[in-house]
Each structure stands twice: as structure tokens, then as C-alpha cells.
Amino acid sequence: MFVINEQVNSLIESNLEVEMIWSNPNSVSRIHVLFETVGRGKIVLELVRHLSPITFSNIIKKMPISGRLHFLNGNIGYVETGLNLGAEKQKSVFKRGDLGLMISNGSICIVLKDIKGINMNHIGHCVEDPIILESINSGEIIYIKRAS
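Remember, the working numbering sits 396 above the position in the sequence shown when you count from 1.
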């Protein structure tokens, strides 16, 4: 009986998790963004206003953004944006697929492996798995723009 309850609870939790991840892309507080490279594909990202409202607004105003993709120890893929922002609701623990803005160099970061110890402004998450990033070479040009 205990095993059945545990399976039902885990199924309910996973369904709740899926419903929380997918959202309305036309919402004012959640905006879908494309992170794409020529000929390699694209990843749909979701920026969430309440996580870091000032950072969110500045990123939206700056779009479209283009820059070269870099990697930090294979844990994070990032693109420098040229934004000069301060700390806002920073976190130091991130899971795969989370998005952050590293204030030291103004980079939008996609977390590829669960990490802790790097402070960033949390700005959203990947709607899709960021596995495409693992096949892209460092130095390739990335375009970040609003999804239509």
C-alpha cells in the first residue's frame, strides 16, 4: 500500500511540475525568447519578470541581442550582452535549464549542470532541454530575440 501511495504522489508532483513550467507566452510577466544559432537550432527560453524585475526590463529593452557563446567549466553556457546591472534577488544554487544574469560581465547564462556557488540574478528557465548547447562550439554567434 505504501508503494502505491508513493507512486501516485510522485505522479501528481511530476504533473504539477510540468504545469508550472509551461506557461502562456503572451503574458506580461512571462515572455518567451529564442536563443538561436545559424544552422544549429534554437532553444525556447522563458524570462520571468517577478524573479528580477529590473534585470528583466533591461534585457527586453536591449533585444535583439547577439554575441559569442562561451562556456564556464562545461557547467554554464553564456553570451555577453553589454548590460551593466547590479545585483537583484541573487541566487547561488541553480538547476539545469535555469537562466541567470551574471552581473560581473553582464552575461545571460544557461545552466547546463546543477551548480552552486556562482551568484547570479535569476531571470527564468529553458522551456526545452538545453541539450543543443552541448553540440555548439565556443565562439559561435548566438542571437537572442523575442519569440513571435
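Just so you know, even glycine gets a beta-carbon here, dropped at the ideal spot from N, CA and C.
Best match in the options for proximity to residue i [C-alpha to C-alpha]
i              : options                        : result
leucine 468    : Cys505, Val434, Ser462, Gln486 : Cys505
glutamine 486  : Leu479, Gly513, Val475         : Gly513
proline 449    : Leu481, Leu465, Gly470, Lys541 : Leu481
histidine 521  : Lys491, Met498, Asn533         : Lys491
isoleucine 499 : Leu508, Ser462, Ala483, Val507 : Ala483
serine 423     : Leu443, Ser531, Lys438, Glu530 : Leu443
serine 531     : Leu447, Lys458, Thr433         : Thr433
asparagine 533 : Gly478, Tyr474, Lys458         : Tyr474
glycine 478    : Ser488, Val489, Arg464         : Arg464
Cβ-Cβ distance between residue i and residue j below 8 Å
i              : j                 : result
arginine 547   : isoleucine 537    : Nothing about residue 547 can be reported from this structure: the residues present for the chain run from 397 to 544 only.
glycine 493    : glutamate 476     : no
isoleucine 519 : phenylalanine 431 : no
lysine 509     : asparagine 471    : yes
valine 440     : valine 523        : yes
asparagine 515 : leucine 497       : no
serine 462     : arginine 445      : no
proline 460    : isoleucine 540    : yes
Residues bridged to residue i [DSSP beta-bridge criterion]
i              : result
threonine 433  : Gly437, Ile538
isoleucine 506 : Gly473, Leu495
methionine 516 : Lys487
leucine 447    : Answer is none; leucine 447 lacks a bridge partner.
glycine 463    : Ile538
glutamate 442  : His428, His521
isoleucine 550 : The requested residue 550 does not occur in the structure, where the chain is confined to residues 397 to 544.
CB-CB length for residue i against residue j, believed under 8 Å
i             : j           : result
histidine 428 : alanine 543 : 4 Å
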